[in-house]
Amino acid sequence: MYPGRHEPLIDHELFERVQNVLRKRSGNGTRDRIHAHYLKGWLFCARCRDEDTTARLVYNVSTGRNRVRYAYFVCRRSKQGLCDLPHLPAETVEDAILDHYRTLQLPTDFAATTRRLLEQVVSDEQNTTRELHANLNRQMKELDQSENRLVDLLADGSMPQAKVRMKLIEIKAQRNRIEAALTNTSEELSVGTTVLRHALDLIADPYSLYLDAGPDVRRLLNETFFECFYIDDLEDATALRITDDKTVMFADLHSAARNHPNLAADKPRTSRRDAHLRAVTVSNKEVLVVPAGFEPATSRV
Numbered sequence: 002m003y004p005g006r007h008e009p010l011i012d013h014e015l016f017e018r019v020q021n022v023l024r025k026r027s028g029n030g031t032r033d034r035i036h037a038h039y040l041k042g043w044l045f046c047a048r049c050r051d052e053d054t055t056a057r058l059v060y061n062v063s064t065g066r067n068r069v070r071y072a073y074f075v076c077r078r079s080k081q082g083l084c085d086l087p088h089l090p091a092e093t094v095e096d097a098i099l100d101h102y103r104t105l106q107l108p109t110d111f112a113a114t115t116r117r118l119l120e121q122v123v124s125d126e127q128n129t130t131r132e133l134h135a136n137l138n139r140q141m142k143e144l145d146q147s148e149n150r151l152v153d154l155l156a157d158g159s160m161p162q163a164k165v166r167m168k169l170i171e172i173k174a175q176r177n178r179i180e181a182a183l184t185n186t187s188e189e190l191s192v193g194t195t196v197l198r199h200a201l202d203l204i205a206d207p208y209s210l211y212l213d214a215g216p217d218v219r220r221l222l223n224e225t226f227f228e229c230f231y232i233d234d235l236e237d238a239t240a241l242r243i244t245d246d247k248t249v250m251f252a253d254l255h256s257a258a259r260n261h262p263n264l265a266a267d268k269p270r271t272s273r274r275d276a277h278l279r280a281v282t283v284s285n286k287e288v289l290v291v292p293a294g295f296e297p298a299t300s301r302v
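Every letter in the sequence shown is one number past the one before it in my numbering, and letter 114, counting from 1, is 115.
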């Protein structure tokens with residue numbers, strides 16, 4: 002901003018407020034409404050994926066003739082007529098995702114076996130770590146002795162001072178490396194076992210955890226367990242089909258569970274995307290997308 006020669010009509014503070022408002026709106030100055038939802042960004046269209054196309058489900062809120070607001074998810078490509086996925090009521094999708102969390106739970110015997118093996122690994126690693134620490138401590142003592150001998154040589158002048166100082170610098174560098182190794186071996190073991198223990202705790206009963214959580218916590222749980230969800234409805238429009246891409250850690254846990262000896266004989270192997278069906282009601286009419294019972298049915302339904 003450059004100062005003009007005329008007296009300003011508004012002060013600088015008001016000007017900045019107006020600029021901030023304009024920056025938050027679209028190019029034509031229209032107010033853009035942003036509807037927040039904890040599932041935004043996590044839902045994708047399964048039909049578009051089957052056609053090798055990636056399309057998010059967009060969250061929209063519409064107001065009907067009776068002034069009632071209806072929240073729903075719709076495929077972004079359906080607005081261009083490129084996808085026939087119907088509008089899905091937000092409440093229906095929320096309930097379906099909640100029910101899908103039941104598929105996260107690991108079999109009890111697998112979880113118990115994993116915990117037992119984890120404790121064995123921790124015990125073995127602790128023994129190895131103790132041996133490594135003992136070896137590093139021995140090296141530290143040897144360095145201390147070498148340092149003392151060099152100091153004595155420096156004091157009686159039987160060795161060139163420059164050479165003694167170089168040796169002392171080398172010893173100091175070795176001591177720093179050993180001290181770092183002592184710290185890192187303990188920290189790496191602690192972090193690795195803590196992460197796996199927490200993962201097993203989270204997956205012990207993910208459905209109840211998600212059920213009792215608020216929107217912010219649910220979003221964090223989705224971020225922890227899943228990369229994304231793929232949503233589709235069945236041909237008779239009475240159920241949602243949900244598949245997912247899990248995060249690497251939980252995908253590996255479920256892959257290990259499927260290959261567990263006690264389960265391999267009973268369950269066929271499935272792909273990484275675990276499908277889950279849940280009975281729901283869907284609609285293609287934007288204004289009338291509403292869960293059953295929300296308002297009386299009309300002749301237009």
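The beta carbon of each residue, even a glycine, is placed where N, CA and C say it ideally should be.
Note that the stretch 72-87 does not touch the stretch 205-218; fewer than 3 beta-carbon pairs, one per stretch, sit closer than 8 Å.
The alpha-carbon separation between Q81 and N61 amounts to approximately 16 Å. Distances from the CA of S147 to each of D206, R166, Y39, F230 were compared; the closest alpha carbon is that of R166. Counting the other Cβ atoms within 10 Å of the Cβ of V19 gives fewer than 16, which makes it exposed.
Approximately 6 Å separates the beta-carbon atoms of K247 and F227; this is inside 8 Å, confirming the contact.
As the crow flies, the alpha-carbon of R220 is around 22 Å from that of H88.
Three or more beta-carbon pairs separated by less than 8 Å link the stretch 167-182 to the stretch 131-145, which places the two stretches in contact. Around the beta carbon of H199, a 10 Å sphere encloses fewer than 16 other beta carbons of the protein chains shown; the residue is thus reported as exposed. In the structure shown, the three-state DSSP call for S63 is strand.
In the displayed model, C49 falls within a helix according to three-state DSSP. The shortest CA-to-CA distance from E92 to any of L40, D125, L10, T129 is the one to L40.
D233 is a Cβ neighbour of R48, given a cutoff of 8 Å.
A Cβ-Cβ separation of about 25 Å leaves A240 out of contact with P108 under the 8 Å criterion.
For D100, there is no enclosing beta strand (DSSP E); the enclosing alpha helix (DSSP H) has its first and last residue at 91-101. C-alpha of H13 to C-alpha of T225: approximately 45 Å in a straight line.
Under the three-state reduction of DSSP, R6 is assigned to coil, being neither helix nor strand.
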